[in-house]
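Below is one structure; the comments refer to it alone.
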Amino acid sequence: MSTLRTLLATCLMLTSGGAAWAQLPDTEADKPEGEKPAEAPEAKPDEAPITVEPCAQALPALRMPLTFMPGEVLEFDLDAMGAQAGKMTLRVQKPQDGQIPVLAQAETNSFFSKVRRVRGSATTWLNPRTLRPKRYVEDATENEMRRKVEVAFTHKDRAIKVDYQIGQRPKGQYNYTYDKDGLDVAGSIYLLRQLPLEENLSVCFDVYGVRRLWRMQGQVLKKEKVTTPLGQFDAWHLVGTAVRLDRPKQKREVHVWLSDDARRLPLAAVGTLDLGAVRATLTSVSRPGEKRQEAGPGKEEMKW
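What follows is the structure in structure tokens.
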């Protein structure tokens, strides 16, 4: 597992719903056909299998009106262990077939591209009333290896169907059933922006990421004053832990800051991974009818 691949797979959706810690490469699933996967250690006879507790309750009702609109563009700097690694952009697009498409794009900078060149995009189609996804698509290229994923959500049955292909290998498929709420990593940040945030509010949902399903347990810690490249904000600090449902020992922690204003901007997110801290920081905001905000020369580092 390369540092860069872990970095970009994580950062690609780091701000997207606090779920990017789940965006780790699946080294077993990525092995070529015919290569035997590593066997999981056998449990001792007196040990019960590890399971993940179901969510105690569904997500609360969303606040309306929406904090975002078609034409909103958010740009982020991505870094790992203090070194800038690339950029990411989130775009809310015009409605299509009654859904709101959100496009996320990320690419490594010239420094990281010397090690490994990565660019990728993900699009989610959200229900405008519930912000639950109907469809989610990923298309990424690492050096010359292309990875494509198409995900379909059937909320009536709480079902998630995943079709994927890596390079020229045979296509694969996974089928999952989620608990109370099923989201994807690209769209979940937009749902979080609509929650009635308050101190100690608990949230729990299942989230799709890298062909796997994860359970996110999170909480609103408190309101903080943070300094970002765009200025100073009052912000809600959310913390969460994602547990991979088929491998509960695999966990990832994330911290997210959302501005406490009508826009509920995702100001920053920090993920704690094996390679260290990975961060996405908002550096530019463009919204219809509003003056563009962007970090200028001598911009402040993120402080809280």
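Residue numbers for the sequence shown, in the working numbering: 422 to 725.
Think of the CB as a built atom: it goes at the ideal place given N, C-alpha and C, for glycine as much as any other residue.
Keep in mind the model is a prediction, meaning the values are calculated, not measured.
Rounding to the nearest angstrom, what Cα-Cα distance links residue i and residue j in this structure?
| i | j | result |
| --- | --- | --- |
| V664 | L634 | 9 Å |
| D560 | V570 | 7 Å |
| D500 | V523 | 23 Å |
| G652 | L642 | 22 Å |
| G603 | S707 | 29 Å |
| M485 | Q615 | 7 Å |
| V675 | V660 | 6 Å |
| G593 | S609 | 25 Å |
| M637 | E711 | 34 Å |
| G507 | E496 | 11 Å |
| P446 | M566 | Only weak support exists for where P446 lies, its pLDDT of 43 falling under 50; the coordinates are left without a value. |
| R713 | Q478 | 39 Å |
| D518 | T488 | 21 Å |
With the cut-off set at 7 Å, would you say residue i and residue j are in Cβ contact?
| i | j | result |
| --- | --- | --- |
| V624 | G639 | yes |
| T702 | A689 | yes |
| C476 | D667 | no |
| P591 | P481 | no |
| S716 | P650 | Looking at the sequence itself, residue 716 is Ala, so the reference to Ser does not match. Yes; because the gap between Cβ atoms is below 7 Å, this pair is in contact. |
| L552 | Y611 | yes |
| T704 | D578 | no |
With a CB to CB cut of under 8 Å and the five nearest residues on each side skipped, what residues in its chain are close to residue i?
| i | result |
| --- | --- |
| K672 | T662, A663, V664, R665 |
| K644 | E620, D655, A656, W657, H658, D681 |
| T472 | P669 |
Once the 5 residues before and after residue i are set aside, which same chain residues still bring their CB inside 7 Å of it?
| i | result |
| --- | --- |
| K555 | Q520, W546, N548, F574 |
| D605 | T545, P554, Y557, V572, V628, Y629 |
Does DSSP classify residue i as helix, strand or coil?
| i | result |
| --- | --- |
| L483 | coil |
| L524 | strand |
| Y597 | strand |
| R708 | coil |
| L511 | strand |
| L703 | strand |
| I610 | helix |
| H576 | coil |
| K555 | strand |
| T648 | strand |
| K670 | strand |
| I584 | Checking the displayed sequence, the identity of residue 584 turns out to be Asp instead of Ile. Looking at D584 - three-state DSSP - the assignment turns out to be strand. |
| R568 | strand |
| M637 | strand |
For residue i, which residues of its own chain have a beta-carbon under 6 Å away from its beta-carbon, when the five flanking residues on both sides are left out?
| i | result |
| --- | --- |
| A543 | A525, E559, A607 |
| R568 | A561, I587 |
| R550 | none |
| R700 | D500, V691 |
| Y595 | V583, R632 |
| W678 | V647, A656, H658, L688, A689 |
| Y585 | V570, G593, R632 |
| L483 | Q615 |
| G455 | Since pLDDT at G455 reaches only 45, below the 50 mark, its modelled position is unreliable, and no value is offered. |
Is it the case that the CB of residue i approaches a heavy atom of the ligand MG more closely than 6 Å?
| i | result |
| --- | --- |
| K592 | With respect to the ligand MG, the structure offers nothing, as it holds no ligand at all. |
Any 3 or more C-beta pairs closer than 8 Å across the region 482-492 and the region 505-513: Contact between the region 482-492 and the region 505-513 is established, with three or more Cβ pairs separated by less than 8 Å.
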